[in-house]
Amino acid sequence: MTADLEQLKREAEQEMRRDAPELYPRKRPRTDPEAAAHEDTRPKVGRFEYDAPTALEQGTQGFVITCDFRREMSATREAISQAPGRQRSPSHVIRQLLHNIAEQKQRPLMHFQRILPVEATCVLTAPALTAVVAALKFPFQLPKDAPISFAVGYKARLAAGAPAATEQPSAGSHAAADAGPPVGSGCAPERTAVIAALAAGFEQAMAAEGRTPKVDLKAPQVGVLAEALPIAGRSFCAICILPADMIAVKPRLTVKGLTKPRDK
Numbered sequence: 001m002t003a004d005l006e007q008l009k010r011e012a013e014q015e016m017r018r019d020a021p022e023l024y025p026r027k028r029p030r031t032d033p034e035a036a037a038h039e040d041t042r043p044k045v046g047r048f049e050y051d052a053p054t055a056l057e058q059g060t061q062g063f064v065i066t067c068d069f070r071r072e073m074s075a076t077r078e079a080i081s082q083a084p085g086r087q088r089s090p091s092h093v094i095r096q097l098l099h100n101i102a103e104q105k106q107r108p109l110m111h112f113q114r115i116l117p118v119e120a121t122c123v124l125t126a127p128a129l130t131a132v133v134a135a136l137k138f139p140f141q142l143p144k145d146a147p148i149s150f151a152v153g154y155k156a157r158l159a160a161g162a163p164a165a166t167e168q169p170s171a172g173s174h175a176a177a178d179a180g181p182p183v184g185s186g187c188a189p190e191r192t193a194v195i196a197a198l199a200a201g202f203e204q205a206m207a208a209e210g211r212t213p214k215v216d217l218k219a220p221q222v223g224v225l226a227e228a229l230p231i232a233g234r235s236f237c238a239i240c241i242l243p244a245d246m247i248a249v250k251p252r253l254t255v256k257g258l259t260k261p262r263d264k
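UniProt numbering puts the first residue of the sequence shown at 1, with every later residue one more than the last.
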């Protein structure tokens with residue numbers, strides 16, 4: 001049993017690309033009843049969902065959050081505490097947070113570096129990316145102006161590789177039949193191929209709406225954002241489409257910050 005745990009720990013360290021934190025035992029039990037009661041009310045955070053690769057391949061919604069080193073649990077608890085009481089899309093949740101922080105109805109988040117609302121996921125292949133974006137329902141009202149200006153932002157944590165296979169997934173599906181290229185295998189699409197695939201999907205979506213899209217990197221009305229997710233040795237991608245009031249274009253296209261600006 002101990003050997004299995006050590007093997008699991010080594011695999012987790014390889015996936016995280018760093019040593020696993022030590023789980024030190026509590027020095028002494030809580031003696032203050034109020035402090036103990038407060039700790040019991042804190043959100044319980046699991047270590048890892050072992051069915052995550054399957055969910056990402058089939059298509060799911062959620063958030064991609066980055067935080068400071070060894071602040072994963074604090075950031076996760078903070079994210080859970082911000083969850084709305086009713087079912088809402090990830091983009092609506094972030095939009096409400098941005099509004100509340102701008103109106104000073106709540107303080108900026110403490111433990112986040114950045115957050116990406118995820119409206120869909122798929123394996124990291126060019127055909128899958130195009131199909132997902134083309135079928136994605138916009139969580140906001142499109143501007144009535146014609147044409148629609150847009151820009152594409154892509155953040156990759158993977159090594160660039162050769163162009164992906166040209167196998168086309170079924171239209172309208174948020175999943176892909178392909179299992180996804182292994183991380184570091186050289187089979188993941190290059191950055192330019194990913195951006196082109198995302199743009200092609202948005203153009204298909206606009207054509208279905210009878211709208212004409214055009215690229216505008218300085219002041220886009222719509223931002224198509226994607227981030228590569230290396231999970232369990234495989235390559236997936238998280239995707240969202242956001243309106244202009246939720247994105248920043250400098251120094252790169254990204255979601256507006258929910259945190260207090262850091263002192264330089």
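By construction, the Cβ of each residue, glycine as well, lies at the ideal position given by its N, Cα and C atoms.
All of these numbers come straight from a predicted model, not from anything done at the bench.
> Name the DSSP beta bridge partners of Ile148, please?
Replying inline: Here residue 148 refers to the residue found at position 148 of the sequence shown. Paired residue(s): Pro213.
>> What does DSSP give as the partner residue(s) for Pro243 in the beta ladder?
In response: On the sequence shown, position 243 is the one that residue 243 refers to. Val222.
>> Just to confirm before moving on: does the CB-CB distance between Pro117 and Ile94 stay below 8 Å?
In response: By 1-based counting over the sequence shown, the position of residue 117 is 117. By 1-based counting over the sequence shown, the position of residue 94 is 94. Taking 8 Å as the Cβ cut-off, Pro117 and Ile94 qualify as a contacting pair.
>> Among Asp4, Pro147, Phe63 and Met73, whose alpha-carbon lies nearest the alpha-carbon of Arg114?
In response: Position 114 of the sequence shown, counting from 1, holds the residue named residue 114. Answer by Cα proximity: Phe63.
> Under the three-state reduction of DSSP, which class applies to Pro139: helix, strand or coil?
Replying inline: Here residue 139 refers to the residue found at position 139 when the sequence shown is read from its first residue. Correct three-state label for Pro139: coil.
> CB-CB under 6 Å to Thr259, same chain, minus the five flanking residues each way: which ones, in chain order?
Replying inline: What you label residue 259 is simply residue 259 of the sequence shown in a count that begins at 1. Cβ within range, chain order: Pro108, Leu109 and Phe112.
> In its own chain, which residues sit with a C-beta less than 6 Å from the C-beta of Phe140, not counting the 5 before and 5 after it?
Replying inline: Translated into positions along the sequence shown, residue 140 becomes position 140. Excluding positions up to five away in sequence, the list reads Pro243.
>> Just to confirm my understanding: we take Lys155, look at its own chain, exclude 5 residues before and 5 after, and list those with CB closer than 6 Å. What are they?
In response: Here residue 155 refers to the residue found at position 155 when the sequence shown is read from its first residue. Excluding residues within five positions, the ones whose Cβ falls inside 6 Å are Glu227.
> So which of Pro220, Ala219, Glu78 and Gly153 has the shortest CA-CA distance to Thr192?
Replying inline: Residue numbering aside, residue 192 sits at position 192 when the sequence shown is read from its first letter. The candidate whose alpha carbon is nearest that of Thr192 is Gly153.
> Between Val224 and Phe138, is the Cβ-Cβ spacing less than 8 Å?
Replying inline: Within the sequence shown, numbered from 1, the residue matching residue 224 stands at position 224. Within the sequence shown, numbered from 1, the residue matching residue 138 stands at position 138. Going by C-beta atoms, Val224 is not nearer than 8 Å to Phe138.
> Does DSSP put Phe236 in a helix, in a strand, or in coil?
Replying inline: The count along the sequence shown starts at 1 and reaches residue 236 at position 236. Note: Phe236 maps to strand in three-state DSSP.
> Can you tell me where the alpha helix (DSSP H) with Gln113 in it begins and where it stops?
Replying inline: Position 113 of the sequence shown, counting from 1, holds the residue named residue 113. Gln113 -> not in any alpha helix (DSSP H); beta strand (DSSP E) instead, spanning Phe112 to Val118.
>> Give me, in chain order, the residues of the same chain whose beta-carbon lies closer than 7 Å to that of Asn100; leave out the 5 immediate sequence neighbours on both sides.
In response: The residue labelled residue 100 in the question sits at position 100 within the sequence shown. Result list for Asn100: Gln106, in chain order.
>> Quick check on DSSP: helix, strand or coil for Ala52?
In response: In the sequence shown, the residue the question calls residue 52 occupies position 52. Secondary structure of Ala52 (DSSP, three-state): helix.
> When you compare each of Leu56, Gln61, Pro220 and Ala197 to Ile247 by their alpha carbons, which one comes out closest?
Replying inline: What you label residue 247 is simply residue 247 of the sequence shown in a count that begins at 1. Out of Leu56, Gln61, Pro220 and Ala197, Pro220 has the C-alpha closest to the C-alpha of Ile247.
> The alpha helix (DSSP H) spanning Phe202 covers which residue range?
Replying inline: Here residue 202 corresponds to residue number 202 of the sequence shown, with the count starting at 1. Counting along the chain, the alpha helix (DSSP H) containing Phe202 begins and ends at Arg191 to Ala208.
> Which one or two residues does DSSP pair with Gly153 in a beta bridge?
Replying inline: Sequence index remark: in the sequence shown, residue 153 carries index 153 (1-based). Paired residue(s): Leu225.
> Taking the alpha carbon of Ala134 as the point to measure from, which residue in Pro90, Thr125, Ala197 and Val215 has its own alpha carbon closest?
Replying inline: Within the sequence shown, the letter at position 134 stands for residue 134. The candidate whose alpha carbon is nearest that of Ala134 is Ala197.
> Would you say Phe236 and Glu103 are within 8 Å of each other, going by their C-beta atoms?
Replying inline: The residue you call residue 236 lines up with position 236 of the sequence shown. The residue you call residue 103 lines up with position 103 of the sequence shown. No. Outside cutoff.
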